[in-house]
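Protein chains in written order, with this note's numbering: chain A, 39 to 273; chain B, 39 to 273.
The block underneath contains the structure these notes are about, expressed in structure tokens.
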DNA sequence: GGAAAAATAAAACGAACGTTTGAATGATAA
DNA sequence: TTATCATTCAAACGTTCGTTTTATTTTTCC
């Protein structure tokens, strides 16, 4: 029988076991580095199961990303909606927007426990993965959310040129992605005799927030050139 | 004959052709994604040449990184020395330090023309590569420089707790690495009807600088907890 | 010149990859 | 029960991987 399963039971269907394991393995080894034999082996399922349930390695990766990104981005939109309703037409504060975007990410990751943090590091990694289709997946997944938040920031910071805001959004994504993906280089910078990065998220969030907001609201670079370079003809 | 070759000639020894090509291919496909057959093929040399001249794929990657990283980090140390001599014992300004570290990176990359920018994106990529040895290489290569700059920042910002500076250094690395590695996500954020990212570096530097300094000097996060969590026992 | 060393070339190695196949097994419904 | 469907499984497919081997060519040095 295909019982819906009361909430906390865990026979863990083959499909779900693959997803969970794949998430971890992709995170640890990257897309290219993770082999289907390793994933299916760790998950305790047959090698062919991935192709049966998902259609292939790419599709599996796609599914892994989607499973959590959907929830995350829905939540991001929900929080933004809520803020805008409360504001009743007035522009939001930049700090609210930044928190709604990046704070939601970190808090959701923390909520799901180990799995959430694994995923957090995965998408940090994924941002710089070279594969063509990976970037496509991310682009599709993020397009709506980014647009909404971009617009919100435009309204929140009317004095900052839109182009500059876009750049700074990009920088914020980088700082966050990096802060999440690897404690690698940080471990190199500091002496680390304090805790493991596992529950560092609670420490990380306020620190990251201060940094991001400081950068976002920084004084503009001196406009060294009047014209925003010469506009190039569209190819 | 093994003539030293007047400066601008370019028979390009097998070794150098491999290095140049490998740099591009690694950048485009990542370490795992780049195959020796592709590299040697593009370089127009025999497949076995890499193993002959470098010893293997890992050693080749190592050599690619070292070739430019050595110069970069030497220059970074030189610039910092120069600043500190001029300051005559007084602490430097944070903006000077940030420019010496990140500005030097971007300027050097710009100097070497196409090759430099390729390399810039490569190290941006490399920061999140999963392979074990890759992180080792980067750690060795950067250790000295990071330590020097860290100390300089400590002196420049005596009011900011050292721990906080380390974190923010990490965030700055992330923002920069990301800004460099992929215009990928940015291309997704903006509408891009302006120029290609090729010569964007001149635009990028002042923008990035403002952002980094804004973040670095941002007001501290409220110390929500007095004790810096409880110190965990060292395992 | 010719011997020694360095460099290039072609071919093959074994291992690992993602995917496919076809039979065995389990559950579902008439 | 029997027919039907979905799932699991072991085995093999054909490629591609990094590396090694063997032979040939080129350079270096006496």
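C-beta atoms are modelled at their ideal positions from N, C-alpha and C, and glycine is treated no differently.
Because the structure is a prediction, the values reported are computed rather than measured.
CB contact flag (residue i, residue j, <7 Å)
i              : j              : result
residue 72(A)  : residue 63(A)  : yes
residue 98(A)  : residue 60(A)  : yes
residue 159(B) : residue 142(B) : no
residue 130(A) : residue 190(A) : yes
residue 104(B) : residue 259(A) : no
residue 195(A) : residue 132(A) : yes
residue 206(A) : residue 254(A) : yes
residue 67(B)  : residue 78(B)  : no
residue 70(A)  : residue 70(B)  : yes
residue 134(A) : residue 121(A) : yes
residue 192(A) : residue 200(A) : yes
Proximal residues to residue i (C-beta, below 7 Å), its chain only, five neighbours per side dropped
i              : result
residue 96(A)  : 171
residue 156(B) : 61, 62 and 65
residue 101(B) : 57 and 92
residue 243(A) : 141 and 144
residue 186(B) : 115 and 118
residue 202(A) : 258
residue 87(B)  : 52, 56 and 78
residue 169(A) : 69
residue 227(B) : Since pLDDT at residue 227(B) reaches only 45, below the 50 mark, its modelled position is unreliable, and the value read off the structure follows with that caveat. Answer for residue 227(B): no residue qualifies.
residue 138(A) : 114, 117, 118 and 121
residue 74(B)  : 85, 88 and 95
residue 173(A) : none
residue 183(B) : 111, 114 and 115
residue 256(A) : none
residue 150(A) : none
Residue i: first and last residue of the uninterrupted alpha helix (DSSP H) it sits in
i              : result
residue 171(A) : 170 to 194
residue 140(A) : No alpha helix (DSSP H) contains residue 140(A), which DSSP labels as neither H nor E.
residue 248(B) : 239 to 254
residue 79(A)  : 74 to 81
residue 96(B)  : 95 to 125
residue 88(B)  : 87 to 91
residue 63(A)  : 52 to 71
Own chain residues within Cβ distance below 6 Å of residue i, not counting five before or after
i              : result
residue 91(A)  : 53
residue 165(B) : 215
residue 179(A) : 107
Heavy atom of the ligand PLP within 6 Å of residue i beta-carbon
i              : result
residue 193(B) : Among the ligands in the structure shown, none appear at all, so the ligand PLP cannot be discussed.
Spatial neighbours of residue i in its chain, beta-carbon cut-off 8 Å, leaving aside the 5 residues before and after
i              : result
residue 110(A) : 142, 143 and 146
residue 240(A) : 148
residue 94(B)  : 88
residue 188(A) : 203, 204 and 207
residue 136(B) : 210, 247, 250, 251 and 254
residue 125(A) : none
residue 76(B)  : 63 and 67
Sufficient close CB pairs (3 or more, under 8 Å) joining the stretch 204 to 216 of chain A to the stretch 241 to 250 of chain A:
yes
Closer than 8 Å, Cβ to Cβ, to anything on chain A: give me those residues from the stretch 60 to 72 of chain B, in chain order.
66, 67, 68, 70 and 71
If contact means a Cβ-Cβ distance below 9 Å, which residues of the stretch 240 to 256 of chain B contact chain A?
240, 241, 242, 243, 244, 245, 246, 247, 248, 249, 250, 251, 252, 253, 254, 255 and 256
Compile a chain-ordered list of the residues in the stretch 79 to 112 of chain B whose CB is closer than 9 Å to at least one CB of chain A.
none
Using a Cβ-Cβ cut-off of less than 9 Å, list which residues of the stretch 201 to 214 of chain A approach chain B; keep chain order.
201, 202, 204, 205, 206, 207, 208, 209, 210, 211, 212, 213 and 214
Going along the chain, which residues of the stretch 131 to 149 of chain A sit with their C-beta nearer than 9 Å to a C-beta in chain B?
none
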